[in-house]
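Asks:
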Amino acid sequence: MSTGKLTTMKEAVSKYVKDGDEIYLAGFTHMIPFAAGHEIMRQKRKNLTLCRATPDIIYDQMIAAGCCKKLMFSYAGNPGVGSLRCFRRALEKGVPNKIEIDEYSHFGLSGRLFAGATNMHFLPMRTNIGSDLPPQNPNLKTVKDPYTGDEVSVVPPLKPDVAVVHVQRCDSNGNSHIWGIIGEQKDAAFAARKVIISAEEIVEESVIRSDPNRTLIPDFVVHAVVHEPWACHPSYVQGYYDRDNEFYMQWDEITKEHDSTMKYLDEWVFGVENRQQYMKKIQQEKINKLLPKPCMSAPVSYGSV
Amino acid sequence: MSECTPSELMVAVAARELKDHDTVLVGVGIPNLAANLAKKLQAPNLVMVYESGAVGSNPTRMPLSIGDPCLVTGAKSVCSMYEQFAYYLQGGRIDVGFLGGAQIDKYGNINSTVIGSYKTPKVRLPGSGGACDIASNVKKIIVITPHEKRRFVEKVDFLTSPGFVDGKEKWKLLKLQGGGPYAVITNLCTMKFDDVTGEMMVASLHPGVTIEKVWENTPWKVNVAAKLEQTPPPTEREISALRALDPSKTYLG
């Protein structure tokens with residue numbers, strides 16, 4: 069197998085993520101690239117504009133670690149649990165630092181990425197009209213529909229400096245198979261200037277070519293490929309490991325205070341060198357509980373001459 | 004009437020609003036239970052759609068989040084986030100959307116963004132998520148909420164998701180494609196909206212509840228429908244099917 073763009077997370081982050089960058093760690097609940105987020109924290113990147121529809125625990129951690137200058141988001145909660153406390157501490161009390169926000173609805177933010185990925189001037193959408201959000205966000209404008217004369221809400225394209233996308237499997241050049249909740253992974257990869265892929269498995273190119281409909285991201289938009297099993301814990305990877313819902317509930321308790329949050333980060337992020345070391349700290353019993361039973365799809369034939 | 008908790012009552016009443024073959028945009032927790040209950044009872048062909056892109060899910064456990072893997076395994080389809088909002092919601096293919104929030108006002112406007120001012124929040128809430136998009140595009144918005152004075156306000160601190168905004172006349176001028184708020188279901192009553200003014204009004208009182216009790220728990224003297232109905236009490240069948248959906252009482256406690 070050619071080594072292609074294969075590298076380590078440490079090297080990929082060091083090479084492609086710079087202080088002050090606008091970054092998008094993709095994944096709607098599913099396949100959130102925690103390993104990349106932790107490496108960015110370990111390399112002490114500062115003044116980042118962190119973009120995600122759902123900041124989730126990963127950006128809560130990065131805010132607590134002081135990486136964030138501005139948060140672009142559409143739902144800043146811990147689903148089914150409550151608040152993202154580090155986000156609120158930064159916004160309401162300036163701890164550890166004040167952050168700016170750039171807020172949208174889900175349609176608005178996913179539309180911005182779609183517009184970025186497809187290089188549109190802007191994207192019209194049926195939302196935001198009547199809401200109090202547009203007066204607070206100068207990026208939410210309206211235009212007159214040239215055909216009907218109606219007032220239409222529009223959003224500008226988003227083209228992050230870097231996107232990190234985790235995938236189930238890819239080849240060494242970054243041709244990536246994704247299934248399950250596909251969120252905004254493809255849009256983020258096509259919208260960003262630099263793309264880091266992390267993958268549960270690195271496979272031969274022939275495996276990718278055996279099922280081209282499943283390739284959401286082609287190699288020519290990818291800059292670095294990292295083989296990083298379990299990169300998403302406590303998020304999940306469809307067919308590989310389940311969401312650690314217990315941890316999502318514990319996060320609420322861990323983050324009650326800034327000090328208790330930092331204690332967690334000192335142990336689980338700054339106290340380890342890489343993802344393998346992080347996984348070694350998790351009990352085997354816990355890992356076994358997260359392994360799903362197999363559930364295979366029916367095979368399809370692409371035909372051949 | 005079967006003995007039940009206030010949450011069980013709300014879910015049972017909300018489930019009755021769903022018809023067979025409806026497409027419903029579901030959130031986690033109480034709305035998810037209401038949709039699953041309707042599917043077990045009068046609406047076996049209900050199509051549950053989640054803003055994470057899962058369409059026609061058949062969850063085998065109660066999902067903690069709308070992005071749970073159990074919403075994917077065995078679903079009809081899974082699409083991207085942008086496609087879900089563009090093809091399904093904006094495409095006008097969703098009949099019912101369930102919404103919740105910290106505050107709701109008499110025109111059914113919902114606040115899930117901030118208590119206090121946006122720039123200097125007293126309490127910062129999660130924000131819209133898909134709520135504003137759902138409110139703008141579904142045929143019927145249904146809200147399930149405990150009937151508490153702090154939740155019902157004459158005017159929301161921040162309008163995250165439009166109900167009838169400042170009243171139905173002005174709302175029509177905004178030309179949203181959705182049908183606006185349809186019902187607010189609480190532990191005391193079901194409220195609907197005046198056809199002309201777009202103002203909330205009590206349509207049906209739950210068993211044992213008086214209109215005075217509703218007024219005591221609402222900060223303004225909410226209007227009453229011309230024909231005030233009594234909500235039929237939850238049946239044994241409704242309650243037992245519901246309890247089987249949440250055996251650990253995560254949401255029904």
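Chains A and B supply the protein sequences, listed in that same order.
Counted the way the numbering used here counts, the first sequence spans residues 69 to 373.
Counted the way the numbering used here counts, the second sequence spans residues 4 to 256.
Every residue, glycine too, gets a C-beta built ideally from N, C-alpha and C.
(1) If you measure beta-carbon to beta-carbon, which residues of the stretch 172 to 183 of chain B are closer than 7 Å to chain A?
(2) Hey, residue 74 (chain A) and residue 293 (chain A) are a contact pair by Cβ (cut 8 Å); roughly how many whole angstroms apart?
(3) DSSP state of residue 338 (chain A), grouped into three classes?
(4) Between the beta-carbon of residue 31 (chain B) and the beta-carbon of residue 148 (chain A), is there less than 8 Å?
(5) Would you say residue 217 (chain A) reaches chain B, if we count a Cβ-Cβ gap shorter than 8 Å as a contact?
(6) Check distances from the C-beta atoms of the stretch 29 to 60 of chain B to those of chain A and list, in chain order, the residues that come in under 8 Å.
(7) Can you name the residues that DSSP bridges to residue 98 (chain A)?
(8) Check residue 190 (chain B) in the structure and name its three-state DSSP category.
(9) Taking residue 241 (chain A) as part of the beta strand (DSSP E), name the residues at either end of that continuous run.
(10) Using 8 Å for Cβ pairs, my map puts residue 188 (chain A) next to residue 225 (chain A). What's the rounded Cβ distance?
(11) Output the boundary residues of the alpha helix (DSSP H) element that contains residue 127 (chain B).
(12) Rounding to the nearest angstrom, what Cα-Cα distance links residue 313 (chain A) and residue 204 (chain A) in this structure?
(13) Indicate whether at least one CB of chain A lies closer than 8 Å to the CB of residue 221 (chain B).
(14) Flag residue 356 (chain A) as yes if its beta-carbon sits less than 8 Å from any beta-carbon of chain B, otherwise no.
(15) Might you give, ordered along the chain, the residues of its own chain that have their beta carbon closer than 6 Å to the beta carbon of residue 179 (chain B), omitting 5 neighbours on each side?
(16) With respect to the alpha helix (DSSP H) encompassing residue 160 (chain A), which residues constitute its N-terminal and C-terminal limits?
(17) With a cut-off of 8 Å, does the C-beta of residue 245 (chain A) fall near any C-beta of chain B?
(18) Could you check if residue 253 (chain B) is buried or exposed, using at least 16 other CB atoms within 10 Å of its CB as the buried criterion?
(19) Would you mind reading off the limits of the beta strand (DSSP E) that contains residue 141 (chain A)?
(20) Just to confirm, are residue 191 (chain A) and residue 185 (chain A) a CB contact at a threshold of 8 Å?
(21) Is it a yes or a no for the stretch 67 to 77 of chain B touching the stretch 158 to 166 of chain B, going by three-plus beta-carbon pairs under 8 Å?
(22) Scan the stretch 136 to 170 of chain B for residues whose Cβ lies nearer than 8 Å to a Cβ of chain A and list them as they occur along the chain.
(23) Measure the C-alpha to C-alpha separation of residue 213 (chain B) and residue 358 (chain A) and round it to an integer number of angstroms.
(24) In the DSSP assignment, find the alpha helix (DSSP H) that holds residue 101 (chain B) and state where it starts and stops.
(25) Which word fits residue 363 (chain A), buried or exposed, when buried means at least 16 other C-beta atoms lie within 10 angstroms of its C-beta?
(26) Whole-angstrom Cβ separation of residue 249 (chain A) and residue 96 (chain A), contact assumed at under 8 Å?
(27) Have a look at the DSSP bridge pairing and note the partners of residue 210 (chain A).
(28) At least one CB of chain B closer than 8 Å to the CB of residue 204 (chain A): is that the case?
(29) Please tell me whether residue 238 (chain B) and residue 193 (chain B) are closer than 8 Å, where the distance is taken between their beta carbons.
(30) To be precise: take each residue of the stretch 146 to 161 of chain A, compare its Cβ to all Cβ atoms of chain B, and keep it if any distance is under 7 Å. Which residues remain?
(31) Comparing the C-beta of residue 196 (chain B) with each C-beta of chain A, is any distance below 8 Å?
(32) In the stretch 148 to 234 of chain B, which residue ranges form an unbroken alpha helix (DSSP H) of at least 4 residues, counting only runs that do not cross its ends?
(33) Rounded to whole angstroms, what is the Cα-Cα separation between residue 181 (chain A) and residue 260 (chain A)?
(34) Give me whichever residues DSSP pairs with residue 167 (chain A) in a beta bridge.
(35) If you measure beta-carbon to beta-carbon, which residues of the stretch 63 to 82 of chain B are closer than 7 Å to chain A?
(36) So that I know if they touch, is there some Cβ in chain A lying closer than 8 Å to that of residue 84 (chain B)?
Replies: In this structure, then:
(1) 177, 178, 179, 180
(2) Correct: roughly 5 Å between the Cβ atoms.
(3) coil
(4) Taking C-beta atoms as the reference points, residue 31 (chain B) and residue 148 (chain A) count as a pair closer than 8 Å.
(5) no
(6) 31, 32, 54, 55, 56, 57
(7) Per DSSP, A:304.
(8) coil
(9) Careful: residue 241 (chain A) lies outside any beta strand (DSSP E) and carries neither H nor E.
(10) In this structure residue 188 (chain A) touches residue 225 (chain A) by the C-beta definition: roughly 6 Å separates them, less than 8 Å.
(11) Where residue 127 (chain B) is concerned, there is no enclosing alpha helix (DSSP H), although the beta strand (DSSP E) it sits in stretches over 124 to 127.
(12) 34 Å
(13) no
(14) no
(15) So the qualifying residues of the chain are 139.
(16) Segment: none, residue 160 (chain A) is in no alpha helix (DSSP H) and carries neither H nor E.
(17) no
(18) exposed
(19) 136 to 141
(20) no
(21) Fewer than three beta-carbon pairs drawn from the stretch 67 to 77 of chain B and the stretch 158 to 166 of chain B are found closer than 8 Å, and the two stretches are therefore not classed as touching.
(22) 136, 139, 140, 161, 162, 163, 164, 165, 168
(23) 49 Å
(24) Counting along the chain, residue 101 (chain B) falls outside any alpha helix (DSSP H), though it belongs to the beta strand (DSSP E) covering 99 to 102.
(25) Residue 363 (chain A) is exposed by the Cβ-count criterion.
(26) 6 Å
(27) Bridge partners of residue 210 (chain A): A:221.
(28) yes
(29) no
(30) 147, 148, 156, 159, 160
(31) no
(32) 171 to 177, 214 to 219
(33) Distance from the CA atom of residue 181 (chain A) to the CA atom of residue 260 (chain A), rounded to whole angstroms, is 9 Å.
(34) Beta-bridge pairing links residue 167 (chain A) to no other residue.
(35) 67, 68, 69, 70, 71, 72, 75, 76, 81
(36) yes
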